[in-house]
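Trainee:
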């Protein structure tokens, strides 16, 4: 089992976490980092490149990807992570050379939030042998765009990045936390919670642009990644999660990370969240500001109930196939049964060992 893995391999990013999962599963991986190509040049050049997905760096990137794949003859599969930058001629060249091409993106190329660069990818969807998507609604969109095989990869957590504190529970020092971007209704919703006397810590970029958020009782902190992000989840008694509605997401990626980290999740009520976690036992959900505020007040007063829900949610995440390793194995079970069977066996062994290590057996 050997692949070429092509993506932005920043070590705090989810793309890198998926790469590490392949390696844990015993897949021989040749990693190709597109980050240096996409970050080359000054700010104006980068903005133009991101918008047009064209220019010398993109041309060089495509040539180098093709060369790397052809120089790795044993790697019959190529996994592209968010391949907005791949040109049709390069994909054709790889297919002619007999490579089986996988594309994966957590985002929704048909419902994006003012993010440029998707026009090329939408034209190349039909060239990939397998398109891997995180939501059911994308299956029809991809097939309407000419995709052949479409496989589901619901939002995961990473078992070596998102895990409970030791000892558990940690000394939680923050009442209510949200770490993320000020998308959609989130600024207004969080401001309304603050209006109801809920003390908040909000982490992420661009929150200072929202005047209603800048007030006593709301602590704004910079974006957090890696260890700092994990500790922010551990520190909070209540962790909030929202859906990106414009992406038609059924479940928040953050919800998996929070529960797998052994912390209390309060998320938007949705079919996806209710399928992943039992409401009131493994997580709590809300449908309005008032409901969220009421549940926050209740669980801040009852430490035992809150930690009981957090532990149950953690066990659900760790025993239900939600980890990166298990999600990857499921993709290959659906698209390459022989490889999928072996990856499934290995994923089970990885997760069992990790649960023992963390005391979650």
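In the working numbering, the protein residues as written are 1352 to 1712.
Virtual Cβ for every residue (Gly too), placed ideally from N, Cα, C.
These numbers were taken from a predicted model, which means no experiment stands behind them.
What span of residues does the beta strand (DSSP E) with residue 1541 cover, start to end?
Mentor: Not the beta strand (DSSP E): residue 1541 falls in the alpha helix (DSSP H), residues 1537-1546.
Trainee: Could you check the C-alpha separation between residue 1586 and residue 1634 for me, to the nearest Å?
Mentor: 17 Å
Trainee: Considering residue 1578, what are the terminal residues of the beta strand (DSSP E) in which it resides?
Mentor: Counting along the chain, residue 1578 falls outside any beta strand (DSSP E), though it belongs to the alpha helix (DSSP H) covering 1577-1586.
Trainee: What distance in whole Å lies between the Cβ atoms of residue 1621 and residue 1602, which are believed to be in contact at a cut-off of 8 Å?
Mentor: 7 Å
Trainee: When DSSP builds the beta bridges, which residues end up paired with residue 1552?
Mentor: The partner list for residue 1552 (beta bridge, DSSP) reads 1528 and 1570.
Trainee: I believe residue 1376 touches residue 1564 by the beta-carbon criterion, under 8 Å. Please report the beta-carbon distance rounded to the nearest angstrom.
Mentor: Contact doesn't hold; Cβ gap of about 42 Å is too wide.
Trainee: Alpha carbon to alpha carbon, what distance is there between residue 1527 and residue 1407?
Mentor: 46 Å
Trainee: From residue 1548 to residue 1651, what does the alpha carbon distance come to, in whole angstroms?
Mentor: 13 Å
Trainee: In whole angstroms, give me the CA-to-CA distance for residue 1440 and residue 1494.
Mentor: 21 Å
Trainee: Can you grab the Cα-Cα spacing for the pair residue 1498 / residue 1428, in whole Å?
Mentor: Each residue's alpha carbon lies about 17 Å from the other.
Trainee: Thinking just about the alpha-carbon of each residue, which of 1423, 1452, 1539 and 1600 is nearest to the one in residue 1486?
Mentor: 1600
Trainee: List the DSSP bridge partners of residue 1500.
Mentor: 1481
Trainee: Which term fits residue 1744, buried or exposed, when burial requires 16 or more other beta carbons within 10 angstroms of its beta carbon?
Mentor: Nothing about residue 1744 can be read from this structure; the chain reaches only from 1352 to 1712.
Trainee: What residue range is occupied by the uninterrupted alpha helix (DSSP H) comprising residue 1673?
Mentor: It is not in any alpha helix (DSSP H) - residue 1673 carries neither H nor E in the DSSP assignment.
Trainee: Looking only at its chain, what residues have a beta carbon closer than 6 Å to the beta carbon of residue 1571, apart from the 5 residues adjacent to it on each side?
Mentor: 1553 and 1558
Trainee: How far does the alpha helix (DSSP H) with residue 1318 in it reach, from first residue to last?
Mentor: As displayed, the chain neither begins before 1352 nor continues past 1712, which places residue 1318 out of reach and without an answer.
Trainee: Give the C-beta separation of residue 1432 and residue 1357 to the nearest angstrom, bearing in mind that I take them to be a contact with Cβ-Cβ under 8 Å.
Mentor: 7 Å
Trainee: Tell me which residues share the same chain as residue 1695 and place their Cβ nearer than 7 Å to its Cβ, disregarding the 5 neighbours each side in the sequence.
Mentor: 1680 and 1684
Trainee: Are the beta-carbon atoms belonging to residue 1404 and residue 1471 less than 9 Å from one another?
Mentor: yes
Trainee: If you run the structure through DSSP and keep just helix, strand and coil, what is residue 1617?
Mentor: strand
Trainee: By Cβ distance below 7 Å, which residues in the same chain neighbour residue 1632 in space, the five residues on each side in sequence not counted?
Mentor: 1660 and 1663
Trainee: Please work out which residues of its chain come closer than 6 Å, Cβ to Cβ, to residue 1516, disregarding the five sequence neighbours upstream and downstream, and give them in chain order.
Mentor: The answer, listed in chain order, is 1585.
Trainee: Between the alpha carbons of residue 1365 and residue 1455, how many angstroms are there, rounded?
Mentor: The alpha-carbon atoms of residue 1365 and residue 1455 are separated by roughly 12 Å.
Trainee: Note down, in chain order, each residue of its chain lying with its Cβ closer than 7 Å to the Cβ of residue 1483, except the 5 sequence neighbours on either side.
Mentor: 1453, 1454, 1455, 1502, 1504 and 1682
Trainee: Within 10 angstroms of its Cβ, does residue 1491 collect 16 or more other Cβ (buried), or is it exposed?
Mentor: Its Cβ having fewer than 16 others within 10 Å, residue 1491 is exposed.
Trainee: Can you tell which of 1422, 1689 and 1667 has its C-alpha closest to the C-alpha of residue 1514?
Mentor: 1667
Trainee: Quick one: what's residue 1430 bridged to in DSSP?
Mentor: DSSP, once it has assigned bridges, lists 1356 and 1453 as partnering residue 1430.
Trainee: With distance defined between alpha-carbon atoms, name the residue in 1354, 1626 and 1590 nearest to residue 1657.
Mentor: 1590
Trainee: Would a C-beta distance cut-off of 9 Å place residue 1592 and residue 1534 closer than the cut-off?
Mentor: No, Cβ-Cβ distance for residue 1592 and residue 1534 is not below 9 Å.
Trainee: What's the C-alpha gap between residue 1577 and residue 1363?
Mentor: 5 Å
Trainee: So what does residue 1384 bridge to, in DSSP terms?
Mentor: 1358
Trainee: Under a Cβ-count criterion, where at least 16 other Cβ atoms within 10 Å of its own Cβ denotes burial, should residue 1606 be classed as buried or exposed?
Mentor: buried
Trainee: Roughly how many whole angstroms lie between the Cα atoms of residue 1779 and residue 1711?
Mentor: This structure does not reach residue 1779, given that the chain is present from 1352 up to 1712, and the question cannot be answered.
Trainee: Does residue 1522 come out as helix, strand or coil in the three-state DSSP assignment?
Mentor: coil
Trainee: Along the chain, which unbroken stretches of the alpha helix (DSSP H) at least 4 residues long are found entirely within the stretch 1385-1430?
Mentor: 1386-1389, 1394-1403 and 1407-1421
Trainee: Would you mind giving the Cβ-Cβ distance between residue 1544 and residue 1640, rounded to the nearest angstrom? I have them listed as a contact below 8 Å.
Mentor: 6 Å
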